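Working notes, beginning with the structure itself.
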Amino acid sequence: MRAVVLMFDSLNRHMLQPYVADTFVETPNFRRLASLSVTFDRFYAGSMPCIPARRELHTGRYNFLHRSWGPLEPFDDSMPEMLRTAGIHTHLVSDHPHYWEDGGATYHTRYSTWEFLRGQEGDPWKGVVAPGPAEHGTLLAMQHQDRVNRSHMPTEAEHSQTLTVDAGLEFIDTNAAADDWMLQVELFDPHEPFFAPRSYKDAYLPAHDGPEFDWPGYEKVFEPREQVDEARLHYAALVTMCDASLGRVLDAFDRHDLWDDTMLIVNTDHGFLLGEHGWWAKSVQPWYNELVHLPMFVWDPRSRWPGRRRNALAQTIDIAPTLLRFFGLEPGKDMLGQDLGDIVRDDDGGHEAILFGIHGGHVNVSDGRYVYMRAAADASNSPLEEFTLMPTHMRSRFRTDELAGWAPAEAMSFTKGVRTMRMPTSTPLVNPWMHGSLLFDLATDPQQQQPLVDDAVELRLLGILRDLLIANDAPTSQFERLGVPREGTLRAEHLQVDAHRARGALTAVPMPAPDQLNVPEVLARPLRELLSGRQTRDIVARHIPGAADTELVAIDGDMSLIDLARVAAIPVQTLVLIDAALRAARSETSIGSGAPS
0 MRAVVLMFDS LNRHMLQPYV ADTFVETPNF RRLASLSVTF DRFYAGSMPC
50 IPARRELHTG RYNFLHRSWG PLEPFDDSMP EMLRTAGIHT HLVSDHPHYW
100 EDGGATYHTR YSTWEFLRGQ EGDPWKGVVA PGPAEHGTLL AMQHQDRVNR
150 SHMPTEAEHS QTLTVDAGLE FIDTNAAADD WMLQVELFDP HEPFFAPRSY
200 KDAYLPAHDG PEFDWPGYEK VFEPREQVDE ARLHYAALVT MCDASLGRVL
250 DAFDRHDLWD DTMLIVNTDH GFLLGEHGWW AKSVQPWYNE LVHLPMFVWD
300 PRSRWPGRRR NALAQTIDIA PTLLRFFGLE PGKDMLGQDL GDIVRDDDGG
350 HEAILFGIHG GHVNVSDGRY VYMRAAADAS NSPLEEFTLM PTHMRSRFRT
400 DELAGWAPAE AMSFTKGVRT MRMPTSTPLV NPWMHGSLLF DLATDPQQQQ
450 PLVDDAVELR LLGILRDLLI ANDAPTSQFE RLGVPREGTL RAEHLQVDAH
500 RARGALTAVP MPAPDQLNVP EVLARPLREL LSGRQTRDIV ARHIPGAADT
550 ELVAIDGDMS LIDLARVAAI PVQTLVLIDA ALRAARSETS IGSGAPS
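Everything in the sequence shown is counted per numbering that gives the first Met the number 0, starting at 0 for the first residue and increasing by one.
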């Protein structure tokens with residue numbers, strides 16, 4: 000038995016032709032794949048974003064309830080490692096740079112062999128010193144490194160996506176006659192930045208002078224319509240390149256007649272907002288369906304059902320048990336996912352309800368029809384804790400001040416009797432309280448445009464959410480943060496949707512266009528600069544009480560009021576009121592000129 004997993008990053012289901020026939024994105028090989036495999040119609044993400052999703056891929060259980068972005072833990076059951084131990088050769092080829100950062104350090108070594116292709120995003124690959132002051136650890140530094148990296152990939156043949164697929168095909172060609180192996184070909188694309196060769200861009204947008212807008216930020220849309228359209232077209236070009244890579248893998252299955260005994264799984268970790276709901280990207284806004292309702296295709300040679308569709312509710316935690324069972328192994332006792340083989344065979348099984356989310360964000364529950372996004376009970380979004388024996392963030396170790404307050408936690412059901420470190424944490428730019436608790440009926444509102452208020456439905460879903468929290472051994476701090484009693488009867492006073500409705504609606508207001516603001520050049524100044532001027536400070540403080548001495552400033556004094564509104568740290572309405580006040584004061588001060596006043 001053999002298996003191939005082809006995994007993309009940030010692949011949007013709603014832009015693939017097997018799911019949306021009239022999409023403007025050309026994906027003929029995804030159509031071909033759908034004709035050869037089983038297409039899942041209700042497949043969801045679990046923990047987000049990138050590395051938390053990969054922990055689920057290994058462990059078959061949620062990550063986001065206990066910790067943020069981080070490595071596999073010593074007590075984790077790892078599917079590739081379990082296969083390796085059982086004599087199944089597991090091979091990873093990837094250009095995903097997060098595997099080789101502090102927060103992804105223990106994943107690739109669970110495989111028998113691995114190969115890494117360099118150059119995606121801000122991968123610190125080729126060393127060219129940036130002119131001017133150093134911008135270590137900032138987006139500017141990543142953008143500089145990305146420009147350097149792109150210069151070393153001038154052709155499609157040299158693109159890291161191409162090289163990754165080349166490496167995967169080399170493994171298949173070398174081992175097609177062998178048995179007992181699992182290959183994971185993992186592509187960073189179509190993750191931002193949307194860097195595709197010119198040949199793919201030509202199908203969507205003409206070449207032009209000047210910088211290309213192919214790297215949106217994690218924030219509300221503030222760009223003009225034509226710039227939004229440009230980013231969508233860059234994304235489309237990259238998806239079409241991903242489609243071509245998929246075609247090469249399908250060709251290898253044909254060439255070596257792998258369909259007889261080789262499982263094929265094609266999946267992604269999450270989607271990417273391209274202006275939907277007024278937002279770019281992911282993580283800082285609610286986890287809308289565009290982000291969590293995922294494409295998923297499975298060919299299982301045991302059941303042989305090409306061209307079928309399945310409606311059972313499934314998600315990322317199901318992949319590990321599926322691959323283990325395919326190779327005749329039992330899933331680890333701590334794995335909570337289900338075997339997708341049953342669904343492929345006859346649409347039997349699936350989950351009655353699922354959780355999904357990001358650490359410190361909404362805890363979301365869905366029964367397949369309704370989606371309930373449970374927010375924090377108050378603005379502090381606390382208590383929030385990390386439970387880990389591997390204290391690293393995405394690109395750094397935990398700071399000493401973060402570690403200073405750690406205490407040993409009691410062993411949890413899945414930690415093999417081991418007590419982890421437990422330490423308080425916060426997520427300044429991820430605070431679900433700003434958005435409030437939200438309820439959507441996907442049957443009547445599939446685009447999630449009209450939040451629903453229905454106490455009976457909310458109470459039922461709150462009960463399901465609590466049951467799933469208990470089943471996943473969620474810490475007491477999660478129940479407290481969400482305002483959900485762990486025991487006892489759930490009552491009307493535990494509901495939040497109606498009480499949060501006004502705040503959620505205020506946070507959801509889209510940004511005005513730049514030309515609709517009176518003094519955008521002032522609003523774009525660093526907040527600390529506005530607070531250093533007497534009159535501008537008074538205006539800001541009038542509309543954002545305590546701005547000079549609260550955690551708002553602690554986020555980043557270099558952020559502007561526009562920046563804060565774009566990440567929903569302040570309401571758009573507040574930005575508009577400050578804009579009007581600054582305009583009124585402009586004739587009496589030098590607010591509109593160079594220095595603050």
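Just so it is clear, CB atoms sit at the ideal spot from N, CA and C, and this is done for glycine as well.
Keep in mind the model is a prediction, meaning the values are calculated, not measured.
For Trp304 and Asn363, which I take to be in contact (beta-carbon distance under 8 Å), what is that distance rounded to the nearest angstrom? 31 Å between Cβ atoms; not a contact.
Rounding to the nearest angstrom, what Cα-Cα distance links Gly482 and Asn380 in this structure? Their Cα atoms are separated by approximately 10 Å.
Candidates Gly118, Gly404, Asn62 and Arg308: closest to Met141 by CA position: If we check each option's Cα against that of Met141, Gly118 comes out closest.
Runs of beta strand (DSSP E) lying entirely within the segment 357-427, each at least 3 residues, in chain order: Counting whole runs of 3 or more residues, the segment 357-427 contains the beta strand (DSSP E) stretches 362-365, 369-373, 384-387 and 420-423.
What's the call for His151, buried or exposed, on a 16-neighbour Cβ count within 10 Å? exposed
Taking the beta strand (DSSP E) that Leu437 falls in, what are its first and last residues? For Leu437, the enclosing beta strand (DSSP E) starts and ends at Leu437 to Asp440.
At a cut of 8 Å, does the segment 399-419 reach the segment 81-97 through at least three beta carbon pairs? no
Span of the beta strand (DSSP E) holding Glu185? Trp180 to Glu185
How far does the beta strand (DSSP E) with Ser93 in it reach, from first residue to last? His88 to Ser93
Flag this pair as touching only if the segment 385-395 and the segment 466-473 have three or more C-beta atom pairs under 8 Å; answer yes or no. no
Nearest by alpha-carbon distance to Ser614: which of Asp377, Asp366 and Arg307 is it? There is no way to answer for residue 614, as the model of the chain reaches only from 0 to 596.
Leaving out five residues on either side along the sequence, give the residues of the same chain with a beta carbon under 8 Å from the beta carbon of Leu576. His542
Just to confirm the assignment: which complete alpha helix (DSSP H) runs, minimum length 4, are found wholly within the segment 521-583? 526-530, 533-542, 550-554 and 560-565
Could you name each continuous beta strand (DSSP E) segment of 3 residues or more that falls completely within the segment 30-78, going from the start of the chain to the end? Listed in chain order, the complete beta strand (DSSP E) runs (minimum 3 residues) inside the segment 30-78 are 37-39.
Are the segment 449-460 and the segment 392-403 touching by the rule of at least three beta carbon pairs closer than 8 Å? no
Just curious, the alpha helix (DSSP H) that Phe115 is in, first and last residue? Phe115 -> not in any alpha helix (DSSP H); beta strand (DSSP E) instead, spanning Thr112 to Phe115.
Within 10 angstroms of its Cβ, does Ile538 collect 16 or more other Cβ (buried), or is it exposed? Taking a 10 Å sphere around the C-beta of Ile538, we find 16 or more other C-beta atoms and assign the residue as buried.
Checking the sheet assignment: what are the DSSP bridge partners for Asn310? DSSP, once it has assigned bridges, lists no residue as partnering Asn310.
Checking the sheet assignment: what are the DSSP bridge partners for Lys219? Trp278
Along the chain, where does the alpha helix (DSSP H) that runs through Thr239 open and close? Arg224 to Arg254
Exposed or buried, Arg231, counting other C-beta atoms within 10 Å across all chains shown (16 or more means buried)? buried
Asn148, DSSP secondary structure in three states: helix
Work out the CA separation of Glu329 and Leu323 for me, nearest whole Å. 6 Å
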